[in-house]
Structure formats: C-alpha cells, structure tokens
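Visitor:
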Amino acid sequence: MTRSRDNATNVAGDISGVTAGTGLTGGGTGGTVTLDLTTPVASTNGGTGLSSFTTGDMIYSSSGNTLAKLGIGTTSQVLTVASGTPAWTTPAASVKTIGQIAKGNVPSASSFTISGLTQDYFMLRLNNLKWAGGANGAVFLRINGNSSAIYTFLVVTTATGDTYTYFDPSFGNFWGLDTVANKKDANNYRVIEIHNGKGSGYHSYTMRGHHHDGGGTSRGVIAGGWVAESSPITSISVHQMDGYTFTEGSYELIGG
Amino acid sequence: MKIKEAIINAITGEEVITERTLTAEEEKEILDYRAKSAQQTAELQAKAEAKAVAQAKLAALGLTVEDLTALGLGSN
Numbered sequence: 001m002t003r004s005r006d007n008a009t010n011v012a013g014d015i016s017g018v019t020a021g022t023g024l025t026g027g028g029t030g031g032t033v034t035l036d037l038t039t040p041v042a043s044t045n046g047g048t049g050l051s052s053f054t055t056g057d058m059i060y061s062s063s064g065n066t067l068a069k070l071g072i073g074t075t076s077q078v079l080t081v082a083s084g085t086p087a088w089t090t091p092a093a094s095v096k097t098i099g100q101i102a103k104g105n106v107p108s109a110s111s112f113t114i115s116g117l118t119q120d121y122f123m124l125r126l127n128n129l130k131w132a133g134g135a136n137g138a139v140f141l142r143i144n145g146n147s148s149a150i151y152t153f154l155v156v157t158t159a160t161g162d163t164y165t166y167f168d169p170s171f172g173n174f175w176g177l178d179t180v181a182n183k184k185d186a187n188n189y190r191v192i193e194i195h196n197g198k199g200s201g202y203h204s205y206t207m208r209g210h211h212h213d214g215g216g217t218s219r220g221v222i223a224g225g226w227v228a229e230s231s232p233i234t235s236i237s238v239h240q241m242d243g244y245t246f247t248e249g250s251y252e253l254i255g256g
Numbered sequence: 257m258k259i260k261e262a263i264i265n266a267i268t269g270e271e272v273i274t275e276r277t278l279t280a281e282e283e284k285e286i287l288d289y290r291a292k293s294a295q296q297t298a299e300l301q302a303k304a305e306a307k308a309v310a311q312a313k314l315a316a317l318g319l320t321v322e323d324l325t326a327l328g329l330g331s332n
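In order, the protein sequences belong to chains A and B.
In terms of my numbering, the first sequence is numbered consecutively and its last residue is 256.
In terms of my numbering, the second sequence is numbered consecutively and its last residue is 332.
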C-alpha cells in the first residue's frame, strides 16, 4: 500500500515551526530555519555568560555560578588570592641572602685576586685564617685593581708574648707598632666587610681581627674606612705587603 | 724582582698563577717596606730586651713594676 500526503497539511508528528526561545533569535515555520544566540550562554548551561575577551583574560567564578574575567597583570606579577578571588600582585622585593662565593686555600703567590664578581652584591665579606707568609703577615687589599688600597696588619710582639691585632688604612701608622706575624700563629683570623657602593664613588669597609694565642688569651679589634672606587666591585685582590709569597692560609668570600 | 700573582675565578673556581716583573716603583715600595719592617722589628726587640733587663734589676731590688707605678714613676 502506498501512502501519500499533502505537504500543506500537517499530520501528527510534523514540526510546524521553530520558535526562538530565551536568548535566541530567528526561527520560523518553513524553509531554512536559523537560530542565533542573542545573549551568551549562562554558566549554568555550560557557557560563560561572557561576550568578549581581551588577550590574557582568565575566567574565574566571582560568586557561585557567576563567572568573571581577570585581565592579565603586568610583567613579573604573580597570581595571588585577594578576598577569596584571584588577583595579580607585584611581588615584594626578594630578601637578599648571604651566600658563599668562593672558598679555598691561599695560592702560593704574592697576591691573589678573586675575580668574576658579576652579581649585584650589597656587601662582600672576606674571611681569612692564617694568611701566612711574608715577614710580618701584613697585607693590603685592592678593589677592582684600584690603587686606593685597604691596608690590614696583624702584628704580634715576640719578646713579651703580648699579641696585638691592628688595622689601619693609613700606611704610616704601622711603623709604631710591635711586629711579627701571623705566619707563626694559626689562630689569627681577619674579616673584611666591604659595602658595594656601586656608583657612589666610594666603597666603605669594616675590618675585624681576632687572635687567640692558644693559651686562653683572646684579643680583637675593629676598624673601618673607605676606598675611592666608583665602579661596582668585580674583583678583590689581596697582596703581601713585602712581596713575599703566601705560604699557607685559607680564604672565604661571601656576599649578599 | 719577580712576583707570582694568582687570579681565581669566583664562578668557575679556576686558578691561574702568572709571574711578572715588578715595576721600578712597585719594587721600591716593597724594598722600603722590608727595610722599615726589619728596622722596626729590631727596635722593638731592643726595647723588649731593655725592658727585660730593667725588670731583672727591679727584681734584684725586691721591687716590681707596680711599685714604680705606685710612686708615679711610670707604667708597665
């Protein structure tokens, strides 16, 4: 049996038209029927409820089913939480930490230079133990090879057994002191802290000296000064005052 | 006069020792320092020896440095 129908007459099951519901436009009762969204699909229907974006935008729930956009932050900002929602924040300046830069035994030479200090240190501290060699253990330091030197002296009286640790950036003041040397004593320890004045034209320093005679007597002294050097510190060199060779000792450079 | 100079790279740890001849000015500075240092050492040793002799004389008299200090004659 062949069934025919009149297309103009609807029968049960036929679609008589498409009506645009909420958020939709278009529809019709014949021909090609088109539906378009008039509003963004709500988040509860799988959409975002948002109609436009800018590069870098991130979507987050600002409240329950409500989605919102978070515009991109600026360079180096980090994503944090503020009042329960995400927010871009500029991180606080990192805390400077002090760490070891170089460490070793003093080379067998009249001077040694620690070079390659390329980081932006605020402070450098050179520790030394028993910088032995030379006639009396006196050394001077230079920053970046600058002729403006830091003079340090560690002197011991031999006849009386008294021990003095002495520093002075003024070369001439040395001559009034008792002499002889950390080369004979393993308990002499010097610390030189140098502030990296960078472009200021000066690097200030503080020196501390400690001596223990091995018999229960300890002495210490502190002194300071500055070196005229306008560039950031890239090298520190230590020189025997009398040009003789370091025979033993160790160094440690730390900075931060 | 020749000296050895060491350069230590803080990053790599590489150590290079070279030898060079001092300039005339550098050499003079070092020699002056050595001479003055030796002179100073000798003077200090002589001073210490004189002190030891004086202390021995005091001891022979039954006196101490503190006795002299008490008399306002100096200190140790």
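All residues carry an ideal CB built from backbone N, CA and C; glycine is no exception.
Is it buried or exposed for B:E275, if we count other Cβ within 10 angstroms and need 16 for buried?
Guide: As a working mapping, residue 275 of chain B is identified with position 19 in the second sequence. When all chains shown are included, B:E275 counts as exposed.
Visitor: Could you please give the first and the last residue of the uninterrupted alpha helix (DSSP H) stretch that includes A:A68?
Guide: Counted from its first residue, the first sequence places residue 68 of chain A at position 68. Careful: A:A68 lies outside any alpha helix (DSSP H), inside the beta strand (DSSP E) at 66-70.
Visitor: Should A:T85 be flagged as near chain E, meaning a C-beta pair shorter than 8 angstroms?
Guide: Annotation note: the requested chain E is absent from the structure, which comprises protein chains A and B.
Visitor: Starting from A:T296, find everything on chain B with Cβ-Cβ shorter than 7 angstroms and list it in chain order.
Guide: What is shown of chain A runs 1 to 256, which leaves residue 296 of chain A out entirely.
Visitor: A:Y251 by DSSP, collapsed to three states: which one?
Guide: Taking the first sequence and counting its residues from 1, the one referred to as residue 251 of chain A is at position 251. A:Y251: strand per DSSP, three-state reduction.
Visitor: What is the residue span of the alpha helix (DSSP H) that B:A326 lies within?
Guide: As a working mapping, residue 326 of chain B is identified with position 70 in the second sequence. First-last of the alpha helix (DSSP H) with B:A326: 321-326.
Visitor: Where B:L319 and A:Y244 are concerned, what is the direct C-alpha to C-alpha distance, given to the nearest angstrom?
Guide: Counted from its first residue, the second sequence places residue 319 of chain B at position 63. Counted from its first residue, the first sequence places residue 244 of chain A at position 244. Cα-Cα distance, rounded: 45 angstroms.
Visitor: For a cutoff of 8 angstroms on Cβ pairs, would you count B:E271 as touching chain A?
Guide: As a working note, residue 271 of chain B is residue 15 in the second sequence. Cβ-Cβ to chain A under 8 angstroms: yes for B:E271.
Visitor: May I ask you to report which of helix, strand or coil DSSP gives A:V238?
Guide: Counted from its first residue, the first sequence places residue 238 of chain A at position 238. Note: A:V238 maps to strand in three-state DSSP.
Visitor: Would you kindly work out how many angstroms separate the C-alpha atoms of A:Q240 and A:G145, rounded to a whole number?
Guide: Numbered from its first residue, the first sequence carries residue 240 of chain A at position 240. Numbered from its first residue, the first sequence carries residue 145 of chain A at position 145. Cα to Cα, A:Q240 sits roughly 14 angstroms from A:G145.
Visitor: Should A:N10 go down as buried or exposed, given a rule of 16 or more other Cβ atoms within 10 Å for buried?
Guide: The residue labelled residue 10 of chain A in the question sits at position 10 within the first sequence. When all chains shown are included, A:N10 counts as exposed.
Visitor: For B:N332, which residues in the same chain have their Cβ closer than 6 angstroms to its Cβ, ignoring the five residues on either side in sequence?
Guide: By one-based count along the second sequence, residue 332 of chain B stands at place 76. Only weak support exists for where B:N332 lies, its pLDDT of 47 falling under 50; the value from the coordinates is given anyway. Contacts found: V321.
Visitor: Residues of chain B with CB under 7 angstroms from A:M241, in chain order?
Guide: Numbered from 1 along the first sequence, position 241 holds the residue referred to as residue 241 of chain A. Those within 7 angstroms of A:M241 in chain B are Y289.
Visitor: Evaluate the contact criterion for the stretch 244-256 of chain A versus the stretch 122-131 of chain A: three or more CB pairs, one atom per stretch, below 8 angstroms.
Guide: Counting Cβ pairs under 8 angstroms, three or more are found: they touch.
Visitor: Which residues in the same chain have their Cβ closer than 8 angstroms to the Cβ of A:T19, if we skip the five residues on either side of it in sequence?
Guide: Residue 19 of chain A sits at position 19 when you count from the first residue of the first sequence. Only G27 meet the Cβ criterion.
Visitor: Does A:L141 get closer than 8 angstroms to chain B when you measure Cβ to Cβ?
Guide: On the first sequence, position 141 is the one that residue 141 of chain A refers to. Closer than 8 angstroms: no.
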